[in-house]
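This report concerns only the one structure given below.
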Amino acid sequence: MTSTPTIVLVDNRDSFVYNLLDACATVTAERGARLSVVRNSVSPEEVLALEPSLVVLSPGPGHPSTSGRLPEIVDACFERGVPLLGICLGFQAILEHFGGQVGRCGAVHGVTDDIALTLSGEGSPLFRGLAGGSGAAPTLPVARYHSLGCRRAPRHVEALAWGTSEQGPVLMAGQTRSRAAGGPGPSVGFQFHPESILSPVGPSLLERTIDALLNEAPTPGAGRAATND
Numbered sequence: 000m001t002s003t004p005t006i007v008l009v010d011n012r013d014s015f016v017y018n019l020l021d022a023c024a025t026v027t028a029e030r031g032a033r034l035s036v037v038r039n040s041v042s043p044e045e046v047l048a049l050e051p052s053l054v055v056l057s058p059g060p061g062h063p064s065t066s067g068r069l070p071e072i073v074d075a076c077f078e079r080g081v082p083l084l085g086i087c088l089g090f091q092a093i094l095e096h097f098g099g100q101v102g103r104c105g106a107v108h109g110v111t112d113d114i115a116l117t118l119s120g121e122g123s124p125l126f127r128g129l130a131g132g133s134g135a136a137p138t139l140p141v142a143r144y145h146s147l148g149c150r151r152a153p154r155h156v157e158a159l160a161w162g163t164s165e166q167g168p169v170l171m172a173g174q175t176r177s178r179a180a181g182g183p184g185p186s187v188g189f190q191f192h193p194e195s196i197l198s199p200v201g202p203s204l205l206e207r208t209i210d211a212l213l214n215e216a217p218t219p220g221a222g223r224a225a226t227n228d
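Mapped onto numbering that gives the first Met the number 0, the consecutive letters of the sequence shown carry residue numbers 0 to 228.
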């Protein structure tokens, strides 16, 4: 990781981008990091030229396959080994990269809903101490604003939490491992909106996630010749 980390936020043209920008700005200010914002219409080369320590993929309307150059940016980041954090549409783009099927699951907009952590989620330091509930699986209240989702975790994506929908279970949080740990590269994704005031533990979760992914960032210039596994 560089001595001064750089976080690049890819703006997928959604009103929640401003909330996410504020949340990222708070974290970067506390750590002396730089924060850059680009639209999803820029080329992957322009994103990588900023030498990001972390790329954050914002929420947005529509399907990830029709969201500008977002799929290409995701491909390039995994190829280079740049950590990714995907929120809602951004998470869906990561899932599609690994062959996940993102489709309609019924509109859930502007509500706080409980999601259930998996065993991996329960043991993850990202969620430690944040979940509650009295059922078999710990639950977490989060903000949901989506009508698309992925009902199965694709290869390489480790499920951390699930939610419900009209069509059945929907993957609400997932991660991929670093190459050092045998994975395709580090990423974390949330189908819900941690940057929303309807996610009570959202600020803590975002801070933990950004910190964890910054610790996975390659040193400048390292991995430029890397290819996908």
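Glycine residues also receive a C-beta, built at the ideal position from the N, C-alpha and C atoms.
- Ranking 184, 9, 152 by CA distance to the CA of residue 68 puts 9 first.
- For residue 22, the enclosing alpha helix (DSSP H) has its first and last residue at 15 to 30.
- Among the bridge pairs identified by DSSP, residue 86 is matched with 189.
- One alpha carbon belongs to residue 189, the other to residue 138, and they sit about 15 angstroms apart.
- Exclusion of the five residues before and after residue 200 leaves 129 as the residues of its chain whose Cβ lies within less than 6 angstroms of its Cβ.
- Going by DSSP, residue 79 is part of the alpha helix (DSSP H) stretching over 69 to 79.
- As DSSP reads the structure, residue 6 sits in a beta bridge with 34, 53.
- Contact check for residue 202 and residue 22: beta-carbon distance about 7 angstroms, within the 8 angstroms limit, so the pair qualifies.
- Between the segment 116 to 130 and the segment 36 to 52 there are fewer than three inter-stretch CB-CB distances shorter than 8 angstroms, so the stretches are not counted as touching.
- Setting aside the 5 residues that flank it on each side, residue 120 is surrounded in the same chain by 126, 159, 160, each with a C-beta closer than 6 angstroms to its C-beta; the list follows chain order.
- Within the same chain, 114, 169, 171 come within 6 angstroms of residue 162 by CB-CB distance, once the 5 residues on both sides are set aside.
- Beta-bridge pairing by DSSP links residue 143 to 110.
- Our two residues, residue 84 and residue 32, have alpha carbons roughly 16 angstroms apart in a direct line.
- Contact annotation, residue 2 with residue 216: C-beta distance approximately 11 angstroms; criterion of less than 8 angstroms not satisfied.
- Contact between residue 107 and residue 145 is confirmed by a C-beta separation of about 6 angstroms, below the 8 angstroms threshold.
- For the options 157, 58, 209, 193, the alpha carbon positioned closest to that of residue 180 is the one of 157.
- In this structure, residue 205 sits away from residue 4, with a CB-CB distance that is not shorter than 9 angstroms.
- With fewer than 16 other Cβ atoms inside 10 Å of its own Cβ, residue 167 counts as exposed.
- Considering only 20, 77, 50, the residue with the shortest C-alpha distance to residue 176 is 77.
- Ranked by how close their Cα comes to the Cα of residue 123, the residues 173, 183, 11, 25 have 173 in first place.
- Counting C-beta atoms within 10 angstroms of its own C-beta, residue 65 has fewer than 16 neighbours from the protein chains shown and is therefore classed as exposed.
- With respect to the 9 angstroms criterion, residue 92 and residue 73 are classified as neighbours on the basis of their beta carbons.
- DSSP, read as helix, strand or coil, puts residue 215 in coil.
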